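Working notes, beginning with the structure itself.
2 protein chains.
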Amino acid sequence: MQISELARRADLPVATVKYYLREGLVPQGELTGATRARYDEDHLARLRLVRALTGPGGLSVAAAREVLAAVDAPAGSVHEALGAAHRALPPPSGDAPPDVAEARAHLERWGWRVAPDSPALHTLAGALQALRAAGFPASEDLLDRYARAAGEIGRQDVADVPSDSVAEAVRFVVVNTVLLEPVLLALRRLAQEDGSGRRFTGGAG
Amino acid sequence: MQISELARRADLPVATVKYYLREGLVPQGELTGATRARYDEDHLARLRLVRALTGPGGLSVAAAREVLAAVDAPAGSVHEALGAAHRALPPPSGDAPPDVAEARAHLERWGWRVAPDSPALHTLAGALQALRAAGFPASEDLLDRYARAAGEIGRQDVADVPSDSVAEAVRFVVVNTVLLEPVLLALRRLAQEDGSGRRFTGGAG
């Protein structure tokens, strides 16, 4: 297909498609003339992935490029590839805290094994520190409850990963990590709203 | 205390404290001279809240100001106040989708009652649409699983809200919404990493 059809099917302006091509987020098409190129279904799939990452996924073009590099060059095993993809994704929050000992102690309590330089470990440590500084330290009970919920979905997320192709596994993990995070946060807020209606208004909503 | 001690106890540079005072995020101290003011524990608590929102919470100064306005002027009931605080918080993701019917149908299935203009409802609808566009539509099973996990923590979050003071309830909800979101996302990624190690490397981590 030509670039106009590619853009239409990806639901993006032609100018945006050209920008992604220039930035190398989407591979060039096959040249069919001096200024014309042909694109196929792989280009369309890639474009939809880029759109998902930079749109609702909230990634910058630079961050998307790093994630896509992990998608394109998956490491040896699925586990290594998932690690590379996770590492390329921006952490849920930016601040790197000085000390991860407390976060690490909780993980040990739950029997979770993660790499010492796992970005999520630093995010967790930073958030725990901020909660304490804000005057609402997270209790062990609260963290256990969050870990139970996150553990249930995280384990099933991994079970859902297609294992026949490393490349497909990485694509799946990237999309699901980026796009199911807003789903999870939105659902928590909606559950809070529902619960607040029930607790504070007697259920009138 | 003087501004230097206030800054030291909040673990912030004096210049940052002055900036927050100028921007009205923290109320002015009591003037004790032409260029000197005195600050108390309330100023310190407020400064820590601002630091948590703009640091690990990831809010811009403008977004923090809106959230603090909700904290300062809580509406009538706790439920209304929580709604105002939620509405002031930036949504987990920015895109407003055209259609929330699918998201709404899921909520009805779960028996969750939320306002028709709930920002989280739009976030959910946008993410569901993006997942479909990216070629990994969320199945009903997956959403049920996420809703179960989010429902457990969201309901308990609401049960934890202090109910004796509307102002304190709102402060609690704002801090917990903003700072437990990175905790939840970090825990999900850590659970995925742990699960991936077990599934794809036979548990060697």
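Chains as they are written, first to last, in the working numbering: chain A, 0 to 204; chain B, 0 to 204.
All C-beta atoms in this analysis are idealised placements derived from N, C-alpha and C, irrespective of residue type, glycine included.
If you're wondering where the values come from, they're calculated on a predicted model, not measured in any experiment.
Per-residue burial, B:A158 [other beta carbons within 10 Å of its own, 16 or more giving buried]: The residue you call residue 158 of chain B lines up with position 159 of the second sequence. So B:A158 ends up on the exposed side.
Cβ-Cβ distance between A:F135 and B:N175 below 8 Å: Counting from one through the first sequence, the residue named residue 135 of chain A turns up at place 136. Counting from one through the second sequence, the residue named residue 175 of chain B turns up at place 176. Yes, they are a contact pair.
Proximity test, Cβ basis, 8 Å: B:A146 and chain A: To locate residue 146 of chain B, count along the second sequence from 1; it is residue 147. It does: the Cβ of B:A146 has a partner Cβ on chain A nearer than 8 Å.
According to DSSP, residues forming a beta bridge with B:R293: For chain B, the structure presents residues 0 to 204; residue 293 of chain B sits outside this window and is missing.
Exposure of A:P118, with buried meaning 16 or more beta-carbon neighbours within 10 Å: For the purposes of this step, residue 118 of chain A is identified with residue 119 of the first sequence, where counting begins at 1. Buried, since its Cβ has 16 or more Cβ neighbours within 10 Å.
Below-8 Å beta-carbon distance, A:P181 vs any chain B residue: Locating residue 181 of chain A in the first sequence gives position 182, where the first residue counts as 1. Cβ-Cβ to chain B under 8 Å: yes for A:P181.
Selection from A:G150, A:L58, A:V173 and A:L11 that minimises the alpha carbon distance to A:G110: Here residue 110 of chain A corresponds to residue number 111 of the first sequence, with the count starting at 1. That would be A:G150, whose Cα lies nearest to the Cα of A:G110.
Reduced DSSP category for B:E22 - H, G, I as helix; E, B as strand; rest coil: Locating residue 22 of chain B in the second sequence gives position 23, where the first residue counts as 1. B:E22: coil per DSSP, three-state reduction.
Under 8 Å between C-beta atoms of A:A129 and B:A190: For this step, residue 129 of chain A is matched to residue 130 along the first sequence. For this step, residue 190 of chain B is matched to residue 191 along the second sequence. Cβ atoms of A:A129 and B:A190: not closer than 8 Å.
Within chain B, partners of A:L11 - CB distance below 9 Å: Here residue 11 of chain A refers to the residue found at position 12 when the first sequence is read from its first residue. Within chain B, no residue comes near A:L11; the closest Cβ sits about 10 Å away, beyond 9 Å.
Closer than 8 Å to chain A by CB, B:T200: Counting from one through the second sequence, the residue named residue 200 of chain B turns up at place 201. Closer than 8 Å to some Cβ of chain A, the Cβ of B:T200 qualifies, so yes.
For A:P181, the three-state DSSP class (helix, strand or coil): In the first sequence, counting from the first residue as 1, residue 181 of chain A sits at position 182. A:P181: helix per DSSP, three-state reduction.
Amino acids of chain A, ordered along the chain, whose beta-carbon sits closer than 9 Å to that of B:D193: Mapped onto the second sequence, residue 193 of chain B falls at position 194. L106, W109, G110, W111, R112, V113, G150, G153, R154 and V157, listed in chain order.
Expected contact under 8 Å - CB spacing of A:R47 and A:Q1 to nearest Å: Along the first sequence, read from residue 1 onward, the residue named residue 47 of chain A stands at position 48. Along the first sequence, read from residue 1 onward, the residue named residue 1 of chain A stands at position 2. Incorrect: roughly 18 Å between the Cβ atoms, too far for contact.
Beta-carbon gap between A:A133 and B:L5 smaller than 8 Å: Along the first sequence, read from residue 1 onward, the residue named residue 133 of chain A stands at position 134. Along the second sequence, read from residue 1 onward, the residue named residue 5 of chain B stands at position 6. Cβ atoms of A:A133 and B:L5: not closer than 8 Å.
Whole-angstrom C-beta distance between B:A124 and B:A102, which should lie under 8 Å: For the purposes of this step, residue 102 of chain B is taken as residue 103 along the second sequence, with counting starting at 1. For the purposes of this step, residue 124 of chain B is taken as residue 125 along the second sequence, with counting starting at 1. Right, the Cβ-Cβ distance comes to about 4 Å (below 8 Å), so this counts as a contact.
Host alpha helix (DSSP H) of B:Q206 (start-end): As displayed, chain B neither begins before 0 nor continues past 204, which places residue 206 of chain B out of reach and without an answer.
Residue-level contact to chain A via CB, B:D94, 8 Å cutoff: Counted from its first residue, the second sequence places residue 94 of chain B at position 95. Confidence in B:D94 is poor, its pLDDT being 49 and thus under 50, which makes the residue's placement unreliable; the coordinate value appears in the next sentence. By this cut-off, B:D94 is an interface position.
Three-state secondary structure assigned by DSSP to A:W109: Position 110 of the first sequence holds residue 109 of chain A. Residue state, collapsed to three classes: helix.
Cα-Cα separation, B:V70 to A:G196: As a working mapping, residue 70 of chain B is identified with position 71 in the second sequence. As a working mapping, residue 196 of chain A is identified with position 197 in the first sequence. Their backbone Cα atoms lie some 19 Å apart in a straight line.
Three-state class that DSSP yields for A:G204 in the structure shown: What you label residue 204 of chain A is simply residue 205 of the first sequence in a count that begins at 1. Unreliable placement is indicated for A:G204, whose pLDDT of 40 sits below 50; the coordinate value is still reported in the next sentence. A:G204: coil per DSSP, three-state reduction.
Chain B within 8 Å of A:R64, Cβ atoms only: Counting from 1 along the first sequence, the entry for residue 64 of chain A is found at position 65. Taking Cβ atoms only, chain B never reaches closer than 8 Å to A:R64, which makes this a no.
Interface flag, B:L24 vs chain A, CB-CB below 8 Å: For this step, residue 24 of chain B is matched to residue 25 along the second sequence. No, B:L24 does not count as interfacial toward chain A.
CB of A:M24 within 8 Å of CB of A:L67, strictly: In the first sequence, counting from the first residue as 1, residue 24 of chain A sits at position 25. In the first sequence, counting from the first residue as 1, residue 67 of chain A sits at position 68. Note that residue 24 of chain A corresponds to Leu in the displayed sequence, not to Met. Cβ distance < 8 Å, so A:L24 and A:L67 count as in contact.
Other residues of its chain near B:Y19: CB distance less than 6 Å, five sequence neighbours each side excluded: Translated into positions along the second sequence, residue 19 of chain B becomes position 20. Excluding sequence neighbours, B:Y19 sits near V25 and V49.
For A:S195, three-class secondary structure by DSSP: One-based indexing of the first sequence puts residue 195 of chain A at position 196. Correct three-state label for A:S195: helix.
A:A83: CB within 7 Å of a non-hydrogen atom of the ligand FMN: What this structure holds is no ligand at all, so the ligand FMN is not there to describe.
Helix, strand or coil at A:V66 [DSSP, three-state]: As a first step, residue 66 of chain A must be located in the first sequence, where it is residue number 67. Helix.
Within-8 Å CB hit, B:A72 to chain A: Stepping through the second sequence from its first residue, residue 72 of chain B is reached at position 73. Judged by the 8 Å Cβ criterion, B:A72 is not in contact with chain A.
Through-space distance from B:V182 to B:G204, alpha-carbon basis: The residue given as residue 204 of chain B occupies position 205 in the second sequence. The residue given as residue 182 of chain B occupies position 183 in the second sequence. Note that B:G204 scores a pLDDT of 40, beneath 50, so its modelled location is shaky; the value from the coordinates is reported in the next line. B:G204 and B:V182: Cα-Cα distance of roughly 22 Å.
Length of the line joining the Cα atoms of A:A83 and B:H78: Your numbering for residue 83 of chain A matches position 84 in the first sequence. Your numbering for residue 78 of chain B matches position 79 in the second sequence. About 43 Å.
Beta carbon proximity, B:T15 to chain A, threshold 8 Å: Your numbering for residue 15 of chain B matches position 16 in the second sequence. No, B:T15 does not count as interfacial toward chain A.
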